[in-house]
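Per this note's numbering, the very first residue in the first sequence carries number 14; after that it's consecutive. Glycine included, each C-beta is placed from N, C-alpha and C at the ideal position. None of the values given here were measured: they were computed from a predicted structure.
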Amino acid sequence: MADNKKMVEAITSRDEDFAKWYTDIVKKAELADYSGVKGCMVIRPYGYAIWENMQADMDRRFKETGHENVYMPMFIPENLLQKEKDHVEGFAPECAWVTVGGSEKLTERLAVRPTSETLFCEHYAKVINTYRDLPKLYNQWCSVVRWEKTTRPFLRTSEFLWQEGHTMHETAEEAQEETRRMLQVYIDFYKETLAIPAVFGRKTEKEKFAGALETYTIEPMMHNGVALQGGTSHYFGDGFAKSFDITFTGRDNKLHYPHQTSWGTSTRMIGALIMVHSDDDGLVLPPKIAPIQLAIVPIATHKEGVLEKAEELYNSLKNKFRVKLDDSDQSPGWKFAQYEMKGVPIRLEIGPKDIEKNQCVLVRRDTREKLFVSLDNLDKTISDLLTQIHSDMYDRAYENMVEKTHVALTYDDFIEISKEKPGFIKAMWCGDSQCEDKLKDVTGGVKSRCIPFEEEHLSDTCVCCGKPAKHMVYWGKQY
RNA sequence: CGGGGUGUAGCGCAGAUGGUAGCGCGCCUGCUUUGGGAGCAGGAUGUCGGGGGUUCAAAUCCCUUCACUCCGACCA
């Protein structure tokens with residue numbers, strides 16, 4: 014193995030200090046930087062390119078399921094935000110308010126949107142009149158602001174980029190179906206694009222979104238066993254519709270309230286990418302969203318023919334993959350380290366010895382495996398390798414999740430596992446939020462993650478109170 | 001919001017009992033190098049976070065303020 018001393022110095026070891034390791038990756042891979050605005054970050058070109066790739070992939074999935082993009086204002090008048098009681102209680106504490114415009118004090122203060130349910134509702138009240146106007150399937154890409162007390166790059170910042178889908182349906186069934194459909198879109202996206210496995214299911218009453226009847230969630234596990242709420246999909250029933258007086262004339266010629274959903278994911282997913290896949294040498298990116306999928310490093314560029322060959326390879330591959338040819342005068346070793354730090358899935362080395370043999374060297378970022386391959390059919394070789402890398406990354410993350418998922422049958426089990434084994438705990442639950450509170454208190458933060466769609470029957474009684482169990486729940490600490 | 005930590009060159013840091021700012025990396029120039037963060041020679045870069053005070057003299061002492069960060073609590 015190579016001498017990695019410098020890199021070990023540069024990045025804190027993951028096992029030594031996970032939090033510091035995380036911020037080191039963010040900085041060294043040039044994903045983001047701190048800004049002069051409290052709690053806000055600068056997303057740098059490399060980080061933003063990852064987000065753009067995520068956006069493109071998700072946006073395609075949204076369009077395929079019939080959704081349209083719109084844009085709503087970033088300001089919400091106070092009276093609008095207050096129309097739905099639970100909603101305002103949930104969000105008012107972390108709102109940023111605009112009270113002055115230019116030099117004039119506003120007569121009504123404006124919240125900078127923490128989420129846009131209320132704005133969508135105001136608009137829907139105007140444009141929905143008949144069942145023929147339904148469903149309305151809107152999505153918005155924007156940023157939102159939540160005045161957080163503690164912030165961390167990508168995981169929790171005062172302003173963050175996200176998408177929020179807001180839909181209206183004729184019937185409760187349709188809306189519930191939409192809620193589940195969009196959760197599935199997220200699950201597929203995590204698996205097929207980010208190579209991240211997750212548990213998913215329904216949130217308990219206590220963990221639901223403010224104003225929702227049901228909240229569904231996808232909960233990937235980070236490498237250290239801590240969960241990250243990776244995306245949520247909410248079913249609102251007709252609660253907001255009633256508060257905002259959204260009605261339509263139905264097929265029965267009577268007035269009805271439409272049924273509503275919303276669903277969202279954010280730049281937090283970039284945090285998940287880091288914490289699920291990356292290692293002590295830097296970022297490891299799944300090929301589908303890597304801004305650079307293949308970095309070509311020519312060796313001994315002063316030797317005749319090397320640079321020409323590298324350019325030839327670049328030109329033959331650039332239309333099939335996101336390729337970077339690095340012909341800068343940095344040393345090869347520097348370039349190797351650089352692209353590893355940035356998580357580029359494959360490095361291609363081409364030097365005089367290779368050219369003689371009509372071959373090149375491919376090095377996998379995820380396993381560091383070195384492959385000597387023929388230049389014939391190189392695009393096929395690379396394409397297959399990228400597919401393999403994705404699938405291996407998923408498998409490793411899946412194994413980590415399985416390894417760090419434990420079953421607790423008794424209260425003592427639960428406490429012991431939560432103290433000694435990081436990860437998810439599967440345990441039965443009576444349905445009472447008091448048990449959730451108690452478990453969280455005694456374990457120092459283990460909360461219910463979700464009730465999976467496919468529950469296992471582990472035992473008959475609640476792991477906390479011993480009363481008859483209603484559900485199997487995944488539990489764990491979260492970011 | 002509670003408890004800790006840190007602000008000095010682009011980054012990481014050193015600067016005792018006050019004396020007018022330095023190291024490593026990076027950056028620029030040139031030559032030599034090139035299969036795991038290259039070598040030599042030369043060069044540029046600072047309102048010492050801000051404000052106030054003590055002093056002949058403050059990066060250093062005092063007061064005050066701001067920011068960032070880590071660990072909790074709260075939330076996506």
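Distance CB(residue i)-CB(residue j) smaller than 7 Å
i, j, result
"aspartate 251", "histidine 272", "yes"
"arginine 215", "cysteine 463", "yes"
"tyrosine 59", "glutamate 43", "yes"
"alanine 323", "tyrosine 352", "no"
"threonine 128", "valine 157", "yes"
"valine 239", "lysine 490", "yes"
"threonine 280", "leucine 132", "no"
"threonine 184", "proline 148", "no"
"proline 233", "alanine 208", "no"
"isoleucine 38", "leucine 296", "yes"
"aspartate 379", "isoleucine 402", "yes"
"lysine 219", "glutamate 449", "yes"
"glutamate 369", "isoleucine 312", "no"
"glycine 52", "threonine 170", "yes"
"asparagine 152", "glutamine 176", "yes"
"isoleucine 11", "phenylalanine 261", "Beyond the ends of the chain as shown, which are 14 and 492, falls residue 11; an answer cannot be given."
"glutamate 117", "glutamate 91", "no"
"valine 289", "alanine 138", "no"
"leucine 123", "valine 111", "yes"
"asparagine 237", "proline 435", "yes"
Residue i versus residue j - alpha carbon distance
i, j, result
"valine 386", "alanine 303", "22 Å"
"serine 396", "alanine 69", "20 Å"
"alanine 109", "proline 166", "19 Å"
"isoleucine 283", "phenylalanine 75", "19 Å"
"phenylalanine 213", "valine 486", "10 Å"
"valine 357", "lysine 383", "14 Å"
"leucine 119", "serine 256", "25 Å"
"leucine 286", "glutamate 227", "27 Å"
"lysine 460", "serine 472", "20 Å"
"aspartate 28", "cysteine 373", "35 Å"
"aspartate 46", "lysine 301", "24 Å"
"cysteine 475", "isoleucine 428", "14 Å"
"phenylalanine 349", "tyrosine 203", "28 Å"
"threonine 206", "valine 376", "21 Å"
"glutamate 161", "lysine 41", "25 Å"
"lysine 333", "glutamate 187", "40 Å"
"leucine 94", "aspartate 408", "44 Å"
"proline 345", "isoleucine 56", "28 Å"
"phenylalanine 222", "threonine 400", "37 Å"
"histidine 182", "methionine 87", "25 Å"
"tyrosine 492", "threonine 163", "11 Å"
"valine 125", "aspartate 392", "48 Å"
"tyrosine 248", "glutamate 412", "32 Å"
"leucine 422", "methionine 67", "39 Å"
"aspartate 405", "tryptophan 488", "27 Å"
Residues of its chain near residue i, where Cβ-Cβ distance is below 6 Å and the 5 sequence neighbours each way are ignored
i, result
"serine 246", "Thr192, Met195, Leu196, Tyr229 and Trp276"
"arginine 159", "Glu107 and Pro127"
"glycine 263", "Tyr144 and His269"
"glutamate 469", "Met485"
"glutamine 447", "none"
Identity of the residues DSSP links to residue i by a beta bridge
i, result
"tyrosine 151", "Glu81 and His179"
"alanine 308", "Lys337 and Arg360"
"leucine 268", "Thr262"
"alanine 124", "Ile89 and Trp110"
"methionine 234", "Ala240"
"arginine 165", "Arg169"
"valine 386", "Cys373"
"valine 212", "Glu232"
"glutamate 117", "Gly114"
7 Å Cβ shell around residue i - same chain, five flanking residues per side excluded
i, result
"tryptophan 34", "Ile24, Thr25, Ser26 and Arg27"
"leucine 338", "Ile309, Ala323, Glu324 and Tyr327"
"methionine 54", "Ala45, Asp46, Tyr47, Ser48, Pro166 and Thr170"
"lysine 96", "Thr131, Ser256 and Phe257"
"alanine 254", "Tyr270, Pro271 and Gln273"
"aspartate 16", "With a pLDDT of only 33 at aspartate 16, under the threshold of 50, the placement of this residue in the model should not be trusted, and no figure is reported."
"threonine 314", "Leu320 and Asp340"
"leucine 388", "Asn371, Gln372 and Cys373"
"aspartate 99", "Ala223 and Gly224"
Residues near residue i in its chain [Cβ-Cβ closer than 8 Å; skip 5 each side]
i, result
"aspartate 292", "Arg27"
"glutamate 135", "Leu93 and Phe257"
"isoleucine 200", "Ala211, Phe213 and Ile231"
- List in chain order: all unbroken beta strand (DSSP E) runs of 3+ residues lying wholly within the segment 31-97. 45-47, 54-56 and 88-90
- Give, in chain order, every unbroken run of the alpha helix (DSSP H) that is at least 4 residues long and sits entirely within the segment 327-378. 345-354 and 365-370
- Message: To test your reading of the DSSP string, which unbroken beta strand (DSSP E) runs of 3 or more residues are found completely within the segment 452-489?
- Response: 460-465 and 484-489
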